Amino acid sequence: MVTGGALVLLGLFVRWGVRTSPHRPFSWGMYSGSSKGFLWTSEEGDGRRRPVCHHELGLAPEGHLLTLTELHRLLGTTAPQVRFEGLIIGSTGDWRIRYEGRLLAAPIPPGAGHARLVAALRELE
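Numbering (the working numbering), first residue to last: 1 to 125.
Structure below.
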């Protein structure tokens with residue numbers, strides 16, 4: 001009986017997690033073979049770095065997946081005015097990117113992506 005109840009709870013948890021929503025604290029898609037982008041830009045004048053806002057790139061605020069292929073497609077349709085650099089970390093590989101009118105991308109060695117992301121986040125504090 002306990003095993004059956006646990007399986008029902010597990011099934012409900014998986015069903016809840018499959019419904020992705022960016023405004024919930026947990027999204028199944030966040031942990032299942034996805035790629036995330038962390039992009040930043042430098043402020044004119046003082047050189048301070050800040051994260052790039054979704055509206056500056058033409059992204060929907062509920063978007064939670066960013067691959068290199070998707071970023072190429074996005075930049076081809078929106079041509080943002082802001083220069084940026086950043087990282088894409090995920091199931092499609094880890095990439096260091098820079099955009100200054102055209103996109104440049106370099107692969108990050110396997111296993112080094114998370115360390116680079118931590119270092120980039122610390123620099124923005």
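We treat Cβ as the ideally placed atom computed from N, Cα and C, and that holds for glycine. Bear in mind the structure is a predicted one, so any value in this text is a computation, not a measurement.
Return the first residue and the last residue of the beta strand (DSSP E) that residue i is part of.
i, result
"LEU104", "103-107"
"GLY90", "84-90"
Specify the secondary structure class of residue i as computed by DSSP and reduced to three states.
i, result
"GLY47", "coil"
"THR41", "strand"
"LEU66", "coil"
"GLY132", "This structure does not reach residue 132, given that the chain is present from 1 up to 125, and the question cannot be answered."
Can you say whether residue i is buried or exposed, counting buried as having 16 or more other CB atoms within 10 angstroms of its CB?
i, result
"LEU66", "buried"
"ARG24", "In this prediction, ARG24 scores a pLDDT of 49, lower than 50, which makes its location untrustworthy; the coordinate-derived value is nonetheless stated afterwards. ARG24 is exposed by the Cβ-count criterion."
"PRO22", "With a pLDDT of 45 at PRO22, under the threshold of 50, the modelled position of this residue cannot be trusted; read the value that follows with caution. The residue is exposed, with fewer than 16 neighbouring Cβ atoms inside 10 Å."
"LEU7", "exposed"
"ASP94", "buried"
"VAL52", "buried"
What does residue i pair with, by DSSP beta-bridge criteria?
i, result
"ARG98", "GLU85 and LEU104"
"SER35", "GLY90"
Please list the terminal residues of the continuous alpha helix (DSSP H) segment that includes residue i.
i, result
"LEU117", "113-123"
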